[in-house]
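Colleague: Protein sequence lines, in the order shown, are assigned to chains A and B. The working numbering runs 87 ahead of the 1-based position in the first sequence. The working numbering runs 973 ahead of the 1-based position in the second sequence.
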Amino acid sequence: MNDILQAKKKGKQIREEEREQSILKSEDSEKNKKIRQKDKKISKKNKIITGLSIATALLAVSTVGLGIGFGIADNKAMQYRTDLENSYQSNFYSLVDSVNNLETKISKTLNSSTSDFQRKTLLEASKNASEAEIAVASLPLSQNDIEETVKMVNQISGYTSTLAEKIAGGGQLSESDLNSLEEIDQSLNSLKHQLNEFAGRFNNGYSIVDSSMDIDSSSNEFSRSLASLKDNDVEYPTMIYDGPFSDSVVNSKVKGLSGDNVTKAEAEQNIEKYFKSGANATFVSETKGKFNTYNFNVTNANDEMLFVQVSKVGGYILTISGAGADGEQKIDFDEAKNIALDFVKNNGIEGATVVWSDTIANDVYMNIAPSTNGIVLYPDLVKVKINLASGSIVGYDATSYFTNHTDRTLSKGSLSLDSVKEKVPSKFTIVEARYVLTPLDYNREVICVEVKGQDQGNTYYFYYNVENGNLENVLKVIKTDNGNLLM
Amino acid sequence: MKNKLLIMFSFLFALAIMVTGLGVTQATNIISDRYTADAATTTAENRTIQTKLKRWGYYNGNIDGIYGSQTREAVKYFQRKNGLAVDGIVGPNTARALGMTLSSSGSSQSSNDLYLLAKCVYAEARGEPYTGQVAVAAVILNRVENPSFPNTISGVIYQKGAFTAVTDGQINLTPNSTAYKAAQDALNGWDPTYGCIYYYNPATATSSWIWSRQTVVTIGNHVFCL
Chain A
88 MNDILQAKKK GKQIREEERE QSILKSEDSE KNKKIRQKDK KISKKNKIIT GLSIATALLA
148 VSTVGLGIGF GIADNKAMQY RTDLENSYQS NFYSLVDSVN NLETKISKTL NSSTSDFQRK
208 TLLEASKNAS EAEIAVASLP LSQNDIEETV KMVNQISGYT STLAEKIAGG GQLSESDLNS
268 LEEIDQSLNS LKHQLNEFAG RFNNGYSIVD SSMDIDSSSN EFSRSLASLK DNDVEYPTMI
328 YDGPFSDSVV NSKVKGLSGD NVTKAEAEQN IEKYFKSGAN ATFVSETKGK FNTYNFNVTN
388 ANDEMLFVQV SKVGGYILTI SGAGADGEQK IDFDEAKNIA LDFVKNNGIE GATVVWSDTI
448 ANDVYMNIAP STNGIVLYPD LVKVKINLAS GSIVGYDATS YFTNHTDRTL SKGSLSLDSV
508 KEKVPSKFTI VEARYVLTPL DYNREVICVE VKGQDQGNTY YFYYNVENGN LENVLKVIKT
568 DNGNLLM
Chain B
974 MKNKLLIMFS FLFALAIMVT GLGVTQATNI ISDRYTADAA TTTAENRTIQ TKLKRWGYYN
1034 GNIDGIYGSQ TREAVKYFQR KNGLAVDGIV GPNTARALGM TLSSSGSSQS SNDLYLLAKC
1094 VYAEARGEPY TGQVAVAAVI LNRVENPSFP NTISGVIYQK GAFTAVTDGQ INLTPNSTAY
1154 KAAQDALNGW DPTYGCIYYY NPATATSSWI WSRQTVVTIG NHVFCL
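Spelled out as structure tokens, the structure:
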């Protein structure tokens, strides 16, 4: 009995133990759960930390990369900047040198007694002046600020070479030439002084690049500093001569335009009259300059768009410009020539012949000149461009004609064509010879015999003055990918 | 959760690469922004090149004057065999080795002027009517003649700050045939502006002094003045 009781007790005990154990167990599992949850939380945190650190590392790498990248860029930029600064400063020093030399040559000319020596120094001065111009143009200066300085050195270059030619032709420097040179020398002296003073700034770290970031604005300190030279005491001399860059060449006047003023409507009618095959003109603008014109957009019979300028005086067609069509050629050169001559004649230019032509792709360029007394008038040239694909006039320029044309009395002199042919170097095969009036030395027109000669595939034109047989000019025909060129 | 992190990582990674890349391209941009030009040969010259290469066994194609890939490969082969720089282009050195003179090396002076003029016209006025393009070319040529400006076409075009298209590098775009025609017309003496030396677009002009110039004519968007 006892045994049974004991066993029961034991059983109870055991069950209680078990229960305790199970309670313990359940307590344990709850703990575990918490621990596991904690673990989970920790591992999540860890992951985030790892993520963030990777991200930080990546950002760091990228920042370094960026730094290196910009570093390289900056380094390169610095290098280019230095290169540019060096090249500017070198140009500035060239400018100073050539102005110094120029002034010396001019004062030598003024103080030398022989014409031969004057010719030599004048030629050197001309060279120094053009060197100065090249140096000025390569500096970051606003055109508005340096215009007059460039003009002065260019004109000195043209003036001194014209004087040198005068001496070479047996002439002497006149009183007024010497006065002009004196004036030039004074201007150069003050320019020289100021440039040399400016160059001193480089010793104190002056940078042209930094001072001229935006060339055309008021923040271009470099440009303004140099511009102020002209406001201080550089007096710009007036040079009166006919030669390269002289004012008389720039301001040439229109000599050949006469007649009454036409109205816009009359100008439009003239276009329709001159375009025989029909044209549709729309007025677009007016030109107020050397020539005063009414401007029209014109669609011709072949639907080509042209821009046509009609002079207000006389109602003449002055220019036509158009691109010309591509495609198959419909007409040949002779047909084009007839169309051109016909058009020129309709425009009131009589007795003209084609004196030069060149074909570039589908466009034939023709230079047409009138003649008087058997003398071809080169100054009165009219240029016509005919498109071979459409067969229409797509370009016309009569501005030279109307600028230069006057009634001239011309004679052929005593020089016969045959006697001139003998003057041409014997290696040349003579193709053609004719009397021409040719513009020389800017405002001078000279009657010459023009001889076209060929040697080893090269073509030259020789110009002999009919009065004395002197060789006045030689032109060489230069073949290019885009047609021929006279130089 | 994992996905989000992955997205975040890849985003950051992409950002990092982008930023690094930006830095490096920034550095190389300046260097690669240079202008390169190919030497060009004419059809007749190409025929000569092909004939010579064929005779010497470098080339098997047709003598057609077209500088195609076959010719280029043959030229490269020839250059490799003759110790020349292998670029597939017949420049002065390769031409000499081939025993020929390129026309472009002899008479290129005027073609260069035309090309330069056409480039400037295209860069400055490609959106303008044809006459407007001729007018821009004429202004450049008028400047060459004018005492207040440099005395060569290149001098005028590359004068500092003279043309915005030169300053910003558009001058190096390849000109189209219209620009060439306009430049050719101007070289032949056409000048619808009668001697103008300036032009500006009233909508975009930034220099105040330009407004004080005497206006001659307006063509397209450009005002031409003296």
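Backbone N, C-alpha and C fix where the C-beta goes; we use that ideal spot for every residue, glycine too.
1. Would residue 398 of chain A and residue 464 of chain A be called neighbours here (beta carbons separated by less than 8 Å)?
2. Quick one: what's residue 1120 of chain B bridged to in DSSP?
3. Using a Cβ cut-off of 8 Å, which residues of the stretch 391-415 of chain A contact any Cβ in chain B, in chain order?
4. Taking C-beta pairs closer than 7 Å, name the residues in chain B that residue 279 of chain A reaches, listed in chain order.
5. Which of helix, strand or coil does DSSP assign to residue 457 of chain A?
6. Could you name the residues of the same chain whose beta carbon sits closer than 6 Å to that of residue 1047 of chain B, not counting the 5 residues immediately before and after it, in chain order?
7. Is the Cβ of residue 1127 of chain B closer than 8 Å to any Cβ of chain A?
8. For residue 447 of chain A, return the contacting residues in chain B, with the cut-off set at a CB-CB distance below 8 Å.
9. Determine the direct distance from the alpha carbon of residue 209 of chain A to that of residue 382 of chain A, and round the result to whole angstroms.
10. For a contact defined as C-beta to C-beta under 7 Å, what are the partners of residue 1121 of chain B on chain A?
11. If you measure between the beta carbons of residue 408 of chain A and residue 388 of chain A, is that distance less than 8 Å?
12. Can you list, in chain order, the residues of its chain with a C-beta nearer than 6 Å to that of residue 1110 of chain B? Leave out the 5 residues immediately preceding and following it.
13. When the Cα atoms are used, what is the spatial distance from residue 1181 of chain B to residue 433 of chain A?
14. What's the gap between the Cα of residue 1064 of chain B and the Cα of residue 216 of chain A?
15. Kindly identify the DSSP beta-bridge partner or partners of residue 524 of chain A.
16. Short of 8 Å Cβ to Cβ, which residues in the stretch 475-489 of chain A face chain B?
17. Under 8 Å between C-beta atoms, does residue 547 of chain A make it to chain B?
18. State yes or no: is the beta carbon of residue 1199 of chain B nearer than 8 Å to at least one beta carbon in chain A?
19. Quick check for students: name the residue ranges of the beta strand (DSSP E) that lie wholly in the stretch 345-386 of chain A, counting only runs of 3 or more.
20. Helix, strand or coil, according to DSSP, for residue 1198 of chain B in the structure here?
21. So, with DSSP's three-state summary, where would you put residue 38 of chain A?
22. Please name the residue, chosen from B:1113, B:1123 and B:1104, that lies closest to residue 222 of chain A on a Cα-to-Cα basis.
23. To the nearest angstrom, report how far apart residue 1121 of chain B and residue 414 of chain A are at their CA atoms.
24. Check residue 511 of chain A in the structure and name its three-state DSSP category.
25. From residue 140 of chain A to residue 154 of chain A, what does the alpha carbon distance come to, in whole angstroms?
26. According to DSSP, residue 1171 of chain B sits in a beta bridge with which residue or residues?
27. Mind listing which residues of the stretch 377-391 of chain A have their C-beta closer than 9 Å to chain B's C-betas, in chain order?
28. Please tell me whether residue 1108 of chain B and residue 1197 of chain B are closer than 8 Å, where the distance is taken between their beta carbons.
29. Can you name the residues that DSSP bridges to residue 474 of chain A?
30. Following a CB-centred definition, is residue 274 of chain A positioned closer than 7 Å to any heavy atom of the ligand MN?
31. Buried or exposed: where does residue 213 of chain A fall if 16 or more other Cβ atoms within 10 Å of its Cβ makes it buried?
32. Any idea what DSSP makes of residue 1023 of chain B, helix, strand or coil?
33. Mind checking whether residue 473 of chain A and residue 451 of chain A have CB atoms under 8 Å apart?
34. Which residues of chain C have a Cβ atom closer than 7 Å to the Cβ of residue 224 of chain A, listed in chain order?
35. Sort out for me which residues DSSP pairs residue 394 of chain A with in a bridge.
36. Under the three-state reduction of DSSP, which class applies to residue 1136 of chain B: helix, strand or coil?
Modeller: Taking the structure as given:
1. Indexing the first sequence from 1 puts residue 398 of chain A at position 311. Indexing the first sequence from 1 puts residue 464 of chain A at position 377. No, they are not a contact pair.
2. Looking up residue 1120 of chain B in the second sequence gives position 147. None; residue 1120 of chain B has no bridge partner.
3. 392, 394, 396, 406, 408, 409, 410, 411 and 413
4. Taking the first residue of the first sequence as position 1, residue 279 of chain A is located at position 192. The contacting residues do not exist; residue 279 of chain A stays about 20 Å from chain B at best.
5. To locate residue 457 of chain A, count along the first sequence from 1; it is residue 370. In this structure, residue 457 of chain A counts as strand in the three-state DSSP scheme.
6. Here residue 1047 of chain B refers to the residue found at position 74 when the second sequence is read from its first residue. Closer than 6 Å at Cβ, skipping near neighbours: 1026, 1031 and 1032.
7. Your numbering for residue 1127 of chain B matches position 154 in the second sequence. No, residue 1127 of chain B lies away from the interface with chain A (no Cβ there is under 8 Å from its Cβ).
8. As a first step, residue 447 of chain A is located in the first sequence; it is residue number 360 there, counting from the start. Correct list: 1157.
9. As a position in the first sequence, residue 382 of chain A is number 295, starting the count at 1. As a position in the first sequence, residue 209 of chain A is number 122, starting the count at 1. Approximately 46 Å, taken between the alpha carbons.
10. For the purposes of this step, residue 1121 of chain B is taken as residue 148 along the second sequence, with counting starting at 1. Here the neighbours are 234, 237 and 238.
11. Reading the first sequence from its first residue, position 321 is the one you call residue 408 of chain A. Reading the first sequence from its first residue, position 301 is the one you call residue 388 of chain A. Contact: no.
12. Sequence index remark: in the second sequence, residue 1110 of chain B carries index 137 (1-based). The residues are 1090, 1094, 1155, 1156 and 1159.
13. Sequence index remark: in the second sequence, residue 1181 of chain B carries index 208 (1-based). Sequence index remark: in the first sequence, residue 433 of chain A carries index 346 (1-based). Computed Cα separation, rounded: 45 Å.
14. On the second sequence, position 91 is the one that residue 1064 of chain B refers to. On the first sequence, position 129 is the one that residue 216 of chain A refers to. Rounded to whole angstroms, residue 1064 of chain B to residue 216 of chain A spans 37 Å at the Cα level.
15. The count along the first sequence starts at 1 and reaches residue 524 of chain A at position 437. The partner list for residue 524 of chain A (beta bridge, DSSP) reads A:464 and A:534.
16. 482, 484, 486 and 487
17. The residue you call residue 547 of chain A lines up with position 460 of the first sequence. No, its Cβ sits nowhere closer than 8 Å to a Cβ of chain B.
18. Translated into the one-based positions of the second sequence, residue 1199 of chain B becomes position 226. At least one chain A Cβ lies under 8 Å of residue 1199 of chain B.
19. 366-375
20. Working through the second sequence from its first residue, we reach residue 1198 of chain B at position 225. Three-state DSSP puts residue 1198 of chain B in a strand.
21. Shown here, chain A extends from 88 to 574; a query on residue 38 of chain A therefore has no answer.
22. Counting from one through the first sequence, the residue named residue 222 of chain A turns up at place 135. Of the listed residues, the one whose Cα sits closest to residue 222 of chain A is B:1123.
23. In the second sequence, counting from the first residue as 1, residue 1121 of chain B sits at position 148. In the first sequence, counting from the first residue as 1, residue 414 of chain A sits at position 327. Answer to the nearest angstrom: the Cα atoms are 42 Å apart.
24. Taking the first sequence and counting its residues from 1, the one referred to as residue 511 of chain A is at position 424. Looking at residue 511 of chain A - three-state DSSP - the assignment turns out to be coil, as it is neither helix nor strand.
25. As a first step, residue 140 of chain A is located in the first sequence; it is residue number 53 there, counting from the start. As a first step, residue 154 of chain A is located in the first sequence; it is residue number 67 there, counting from the start. Cα-Cα distance, rounded: 20 Å.
26. Translated into positions along the second sequence, residue 1171 of chain B becomes position 198. Paired residues: B:1198.
27. 377, 378, 380, 382 and 384
28. By 1-based counting over the second sequence, the position of residue 1108 of chain B is 135. By 1-based counting over the second sequence, the position of residue 1197 of chain B is 224. Going by C-beta atoms, residue 1108 of chain B is nearer than 8 Å to residue 1197 of chain B.
29. As a position in the first sequence, residue 474 of chain A is number 387, starting the count at 1. According to DSSP, which records beta bridges pairwise, residue 474 of chain A is partnered with A:450.
30. Questions concerning the ligand MN fall outside what the structure shown contains, since it holds no ligand whatsoever.
31. Walking along the first sequence from the start, residue 213 of chain A turns up at place 126. By the 10 Å Cβ count, residue 213 of chain A comes out buried.
32. Taking the second sequence and counting its residues from 1, one reaches residue 1023 of chain B at position 50. Residue state, collapsed to three classes: helix.
33. Locating residue 473 of chain A in the first sequence gives position 386, counting from the first residue. Locating residue 451 of chain A in the first sequence gives position 364, counting from the first residue. Taking 8 Å as the Cβ cut-off, residue 473 of chain A and residue 451 of chain A qualify as a contacting pair.
34. Among the protein chains of the structure shown, namely A and B, there is no chain C.
35. To locate residue 394 of chain A, count along the first sequence from 1; it is residue 307. A:384 and A:408.
36. Numbered from its first residue, the second sequence carries residue 1136 of chain B at position 163. Residue 1136 of chain B falls in the coil class under three-state DSSP.
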